[in-house]
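Trainee:
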Amino acid sequence: MSRPSTLSVVIRRIIAAIPSILGVIIVTFILTRALPGDPAAYFAGPAATQEAIDQIRETLGLNRSLPEQFIIYVGELLRGDLGNSLTTGQTVLSDLLTRLPASLELTLAGLLFSLTLALPLGILAATRPGSWLDHGVRVLATAGVSLPTFFTGLLLIYVFYFRLGIAPAPLGRLAILYSSPDQITGLFLVDSLLAGDFETFQAAFGQLILPAVTLGLFALAPLTRVTRASMLSVLSSDFIRTARASGLAPSMILFGYAFRNALLPVVTTLGVVFSFLLGANVLVEKVFAWPGIGSYAVSALIASDYAAVQGFVLTMALLYVVLNLLIDLLYTVIDPRAGVES
Amino acid sequence: MLQVTNLTKFFPVAAKTPRWMPGGKQTQYLHAVDGLDLTIQPGESVGLVGESGCGKSTLIRLISRLLEPTAGAILFDGVDIGQIPVGDFSHSAQRAKLQMVFQDPSDSLNPRFTAFDTITEPIRRLGSKQDQRRLQQRATELAQQVGLPPELLSRFPHQLSGGQKARVGIARAIALNPTMLILDEPTSALDVSVQAVILHLLADLRKQMNISYLFISHDLNVVRLLCDRILVMYLGKLVETGPTDDIFNHPRHPYTQALISAIPAFEANPHRIPLTGEPRSPINPSPNICRLYGRCPKGDDGCQQAAPNLQPINDYHQVACHYPAYPQ
Amino acid sequence: MISPLTTTKPVQTSLLSVRDLSVEFRTRTGIVKALENISFHISKGETLGIVGESGSGKSVLALAILGILDRAGHITNGEVLWSQNTETHNLLKMPEKKLRQLRGKELSMIFQNPRVALNPIRKVGKQLVDVLRCHSNLSRNQLKKRALELLASVKIPDPQQRYDAYPYELSGGLCQRIMIALALACSPKLLIADEPTTGLDVTTQATVMNLLKDLATDQQMATVVITHDLALASEYCDRIIVMHAGHIVESAPTHPLFSQPRHPYTAKLIAATPEPHKEFNDLIPILGSLPDLRREDLAPCRFISRCDRASERCQQEALMYQQVDEAHWVGCWYPLEV
Amino acid sequence: MTLSQSVTQKSSLAQARYIISENSITFGAFLLFFVFILLALFGNAIAPYDPIASNAAVALSPPSVDHWFGTDDLGRDVLSRVLVATRLDLGIAVVAVALSFALGSILGTCSGYFGGWCDRIISRIIDTLMAFPLFILAMGLVAALGNTVENIIYATAVINLPLYTRVVRAEILVRRDAGYVEAARLAGNGHLRIMAAHLFPNVLPVMMVHISLNMGWAILNAAGLSFIGLGVRPPTPEWGIMVAEGATYIISGEWWLAIFPGAVLMLAVFCFNLLGDGLRDLIDPRMRT
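So, in structure tokens, the structure goes:
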């Protein structure tokens, strides 16, 4: 009954993430080389001259063998070279880095919103199965996952901005009057608080609330469903019956015994939820003119700015791998069985 | 009929951590069946008893060719069927002759097959080509043979009771007139009222069809009723074999004694049983220590230095113990 | 079924007495009448066996007594009287909060499949501490000390180390001992053991049962052993109740029950059970099957379709319990002769 | 338990009644599903106006008797466009789901049944796909393969592939060692027959639930791609594009351009999700979420 140490479990998980990263790099590489016609022409953009295309072909190494090209590609990645954006004229890396905090802030706010709603709702529904509350939660959750995020966003804008006038114009992270707080974390809410600038905090919060809710509604459904389902199955499990037969207090049974066990599937679902959120992020950013990497990618797509799109896909994938790694580690913390050899 | 020599099956215990990682170990092996010999004569009924995890299931899955052995030979009707790969055995001539009845009648019937489909499947796959009418006729015969009302043939498993499902499983096993039947705890999932019916059915079938039985059970009361000879298995090895009466009346191995004494009986007094502690690990066991060592009341230093082998006590009784008991 | 079983003993002397308990399950396919007019009692220090095949309602009975039935289960009738220090309470009417203080402290229960009956992600020692803390005012250190004592009392080798183990790291037998420690943590007056050895090996089974028996004797605890294994019940119980399809069909001290069963079902059950000294031909199956408990036109006697003694009367008249001997009751119009 | 025939029938009738009364929502969803099928088949025929004919005279008119859903900036009838778009939107989803279901079932069955190297290779490929946020992978795929409707279908199929492969694999894994599979082997079945005749049919009911839930997600996904300007091109009527085109008018109060197609899109997805939920409920009440 020797248990592996936490450190070895953590290291094992990190090593296990390496193939995913490799896979992501290979797939993005294949995507660039799978372009129909001449990839160099795509990368050079629609207005490029023949010389420019030839030059790009040279830098991409398109005249060499595929393995060689791959090595060049990996080498560039390691140097952080994602190419130059045609539309902004900057390197893709710097574009992405300046815009990443905005996306992160939005995604995290969306996640926070849905978690604070989903967990209590799921628990409530699970403790009263078959009640009107349960059915209500179920319909709400199903409706949430059925809402196209871009549509929800527009609906919210119409109601809260145009009709009621209580939301600010859906034009980015801060209204034009305010200047962004000094960058520390890049998250406006955090930075403005750190700077003690409550006015900016309020303004940023006001801008954030609609897009975050839009995003959060989409993630609400899977989280509520899985919380409810796993709570239900845990509550009907044998060890809960033992706990009840032992006379433990209901709060102890519900939170100490049932919830902690029910959390395991919820944590696993977080992976899927992040996949949803990062995808929906692109749509929400477009609707709310949010200056994150999603709206950057959309404009790059329209302008056929290929390097920017590639950089975006790669960044998102790597971000997602890291998030999954964190989820995995979180799981290991909760479940003692996670690191055990079967 | 069936002769098994030195049959061995090791399962690698998957190490999640390769050796070069922190906390990593070399691959270890679980010795499920460890160099086991046994023979079964035509028409003989042999019982195999042992605790869960002793390797009973692995052994019968090796013999019925559902698992590839690590080593050893399985001679069936003079053919070493252990040499035929598991994938090819389904086309082999021996397949039809060596059949099995499974433990859980619910689990062993395809939920989407009717009783008719299930019973006739071996005939359709392994038998000669037959038209629907002949199949129907044969299925009805088989149903009658196992005491299943033929009108239930069109039902799906969920529409049948536990006893009826057990009958369907038996009908499937005897559909091709096998010469050897492996019975894997055929009654353990049934209530006593039904268990008695099925036991009678199995005894009758054996008489009618002259089949050899290899009967696996953890319930010694049941084994005693149905078997001529008993094999006692502990952690991958046989520890005692002998005629049923001998084993029950004069068990020689301490483990067999413990098993026999633990059989519940009406109005017996609660008995002290001689085994304490936990079984040794079946993973990479030391070949020089008796597997019962640590639980055995007789164990001493000698048992730690050399593992006992199966030795004949008389012409038909064998035991693997340094200190076998002698009948008083 | 009209059941005067409770009159056999005045309530005061019995620890627990159940009267006319009926339980229904409301399911998709109809109402299952899982228990009907169950009456019995158990005295201080007594070991009572409840035997029956699957579907006879044994486990439902245990859960109903403790008030921890599933959501679908409804108690439609009856009372469960719990007597202590001259006071008698009906557990079914007791407020949940008070009942909770009884559960685990005065009445506790152990379950089959011990490995899943323990919280998989909590150290077993902590689970013991949870129960102790809930029913006592011990300090942290005392709690741990007591938990270790409990582990030692159920003969778990190396309690210090096992305290920090998770259930998946322990064998079935060890887990069942943990369950026993959990149930006996507060020295209850009554322990209900629901199939305590199902899923355990024969040798382990005897160890666990012996341990239970010894602890019960030491603590003068009443024990209800619920099992499908007649032989097991006969070895460890003073008195046995036989259940069939949600009814009690017979109740008697162990010896008379086995030597002179009076209900046809009991006799058939005994005849169908393989036993060390029984010849193959003496093993007689019970034909027929349990009635569908969802039927609305269930006969008053639920054994009727499997019984060869049944007559018109069994079909029509409400069943009466008959006392055939001291403490020997049978729910049949035509009990077997001695 | 030999229940007499009459009891069996009675209880199954009662069960049917119980199921219908308990699942009125599912029944509603089923009716709605039927309506969408009809629209997909006959939407073109019942559309009151030509969906792509512009009429500047009535541009941006709010909902009225003539134009129930109003008109867009080019004076095209929103109702007609919404109706006609049904076929394209559902078509993309159906074909994409069918593709990923077929391929995913084969991959998942092999991987779950054979295990070993086969499983490792398939799982590695699936894990790599899963390493991307799926919508973003779809964006990348369409961007790389070219901006066409077919590529939207392929991209949607690829991002749904992991779901099917994983679910089938998991379901096969729990059944692989079931008694009836071993029994089938003893009855002389080869691997292929065991997979096709014994295992896969038992997995199918669970898959139906996933197909239904996945249809909704596939529709959303395709519409999302159109919304950001991938795949379908104007003036083709498609719900996602229509919402995108109407988005700019929301701020000035011309809500009908975006809200109607958005609402119909939502209704379609909602319908499939309810249907999936209901199916899940019927197949296994305990799985209900």
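Protein chains in written order, with UniProt numbering: chain W, 1 to 342; chain G, 1 to 328; chain U, 1 to 338; chain S, 1 to 289.
Ideal Cβ positions, reconstructed from N, Cα and C, are used throughout, including at glycine.
None of these values were measured; they are calculated from a predicted model.
1) Could you tell me whether the Cβ of G/S193 comes closer than 8 angstroms to any Cβ of chain U?
2) What's the gap between the Cα of S/E182 and the Cα of G/G55?
3) Suppose contacts are defined by Cβ-Cβ distances below 8 angstroms. Is S/L79 in contact with S/A40 by that definition?
4) Is the shortest distance between the beta-carbon of G/F266 and the beta-carbons of chain U less than 8 angstroms?
5) Considering only DSSP beta bridges, list what U/L35 is partnered with.
6) Beta carbons nearer than 7 angstroms to chain G: which residues of the region 273-287 of chain U have them?
7) Under 8 angstroms Cβ-Cβ, which residues of chain S neighbour W/M316?
8) Over what stretch of residues does the beta strand (DSSP E) that includes G/F10 continue unbroken?
9) Among residues of its own chain, excluding the 5 on either side of S/I211, which ones have a beta-carbon nearer than 7 angstroms to its beta-carbon?
10) Mind checking if U/V242 is an interface residue toward chain G, Cβ cutoff 8 angstroms exclusive?
11) To the nearest angstrom, how far is it from the Cα of S/N44 to the Cα of S/G229?
12) Once DSSP output is grouped into helix, strand and coil, what is the label at G/H322?
13) Smallest Cα separation from U/Q160: which of U/P167, U/L21, U/K144?
14) Keeping to the same chain, check which residues put their C-beta closer than 8 angstroms to that of U/P120; ignore five residues upstream and five downstream.
15) Pull up the distance between the alpha-carbon of S/N55 and that of S/Y49, whole angstroms please.
16) For U/H74, report the span of its beta strand (DSSP E) as first-last.
17) Tell me which same chain residues have a C-beta within less than 6 angstroms of the C-beta of G/E68, skipping the five on either side of it?
18) Can you list the residues of chain W that S/G253 reaches, using a CB-CB cut of under 7 angstroms?
19) Find the residues of chain U that neighbour G/E44, judging by a C-beta separation of less than 7 angstroms, and give them in chain order.
20) At what residues does the beta strand (DSSP E) containing U/A252 begin and finish?
21) DSSP three-state call for G/D117: helix, strand or coil?
22) Along the alpha helix (DSSP H) that carries W/V273, what are the first and last residues, could you check?
23) For the region 235-262 of chain W, enumerate the residues whose C-beta is nearer than 9 angstroms to any C-beta of chain U, in chain order.
24) Check for me: the alpha helix (DSSP H) holding G/H218 runs from which residue to which?
25) So, for W/F205: in the same chain, excluding its five sequence neighbours on each side, which residues have a beta-carbon less than 8 angstroms away from its beta-carbon?
26) G/H317 and G/D246 look like a contact to me (Cβ under 8 angstroms); what is the Cβ gap, rounded to whole Å?
27) Could you say which of U/A231, U/V224, U/Q205 lies nearest to U/I270 if we only look at CA atoms?
28) Could you give the residue range of the beta strand (DSSP E) that holds U/R239?
29) Quick one: measure Cβ to Cβ for U/V202 and G/L259, integer angstroms, because I've assumed they're closer than 8 angstroms.
30) Using a Cβ-Cβ cut-off of less than 9 angstroms, give me the residues of the region 194-206 of chain G that come near chain U, in sequence order.
31) Could you compute how far the alpha carbon of S/G278 sits from the alpha carbon of W/S131?
32) Mind checking whether G/P186 and G/A166 have CB atoms under 8 angstroms apart?
33) In chain G, what lies closer than 8 angstroms to residue 339 of chain U by C-beta?
34) Tell me the rounded alpha-carbon separation between S/F114 and W/I26.
35) Would you call the region 83-99 of chain G and the region 143-152 of chain G touching, i.e. three or more CB-CB distances under 8 angstroms?
36) With DSSP as the reference, label G/H31 as helix, strand or coil.
Mentor: According to the data block:
1) Under the Cβ distance rule, G/S193 counts among the residues neighbouring chain U, one pair being separated by less than 8 angstroms.
2) Distance from the CA atom of S/E182 to the CA atom of G/G55, rounded to whole angstroms, is 17 angstroms.
3) Their beta carbons are not under 8 angstroms apart, which means S/L79 does not touch S/A40 by this criterion.
4) G/F266 has a beta carbon lying within less than 8 angstroms of a beta carbon in chain U.
5) U/L35 is bridged to U/V23.
6) The region 273-287 of chain U vs chain G, Cβ under 7 angstroms: T273, P274, E275, P276, F280, L283, I284, P285, I286.
7) Those within 8 angstroms of W/M316 in chain S are F132, P133, I136.
8) Element bounds for G/F10: 2-13.
9) Counting only residues of its own chain and dropping the five nearest sequence neighbours on each side, S/I211 has a CB closer than 7 angstroms to the CB of V97, F101.
10) For U/V242, the closest Cβ of chain G is not nearer than 8 angstroms.
11) A direct Cα-Cα distance of roughly 24 angstroms separates S/N44 from S/G229.
12) Correct three-state label for G/H322: coil.
13) Ranking U/P167, U/L21, U/K144 by CA distance to the CA of U/Q160 puts U/K144 first.
14) So the list reads Y166, P167, Y168, once near-sequence residues are dropped.
15) C-alpha separation (whole angstroms): 11 angstroms.
16) Its beta strand (DSSP E) spans residues 73-84.
17) Cβ contact annotation for G/E68 (same chain, cutoff 6 angstroms, sequence separation greater than five): V86, in chain order.
18) Per Cβ cutoff of 7 angstroms: F162.
19) Ordered by position in chain U, no residue passes the 7 angstroms Cβ test against G/E44, which lies about 17 angstroms from the chain.
20) That run of the beta strand (DSSP E) goes 247-253.
21) G/D117 falls in the helix class under three-state DSSP.
22) Counting along the chain, the alpha helix (DSSP H) containing W/V273 begins and ends at 260-287.
23) Residues S236, S237, D238, F239, I240, R241, T242, A243, R244, A245, S246, G247, L248, A249, P250, M252, G256, Y257, R260, N261.
24) For G/H218, there is no enclosing alpha helix (DSSP H), since its DSSP letter is neither H nor E.
25) If we look at W/F205 and ignore the five residues flanking it on each side, its Cβ neighbours are L189.
26) About 5 angstroms separates the Cβ atoms of G/H317 and G/D246, confirming a contact at the 8 angstroms cut-off.
27) Closest by alpha carbon: U/A231.
28) Run containing U/R239: 239-244, per the beta strand (DSSP E) assignment.
29) For U/V202 against G/L259, the beta-carbon gap comes to about 6 angstroms, under 8 angstroms, which counts as contact.
30) The residues in question are V194, Q195, A196, V197, I198, L199, H200, A203.
31) One Cα belongs to S/G278, the other to W/S131, and the distance between them is close to 17 angstroms.
32) Yes, they are a contact pair.
33) Only positions 1 to 338 of chain U appear in the structure, and residue 339 of chain U is not among them; the question remains open.
34) Here the C-alpha atom of S/F114 lies approximately 27 angstroms from the C-alpha atom of W/I26.
35) The region 83-99 of chain G vs the region 143-152 of chain G: no contact.
36) G/H31: strand per DSSP, three-state reduction.
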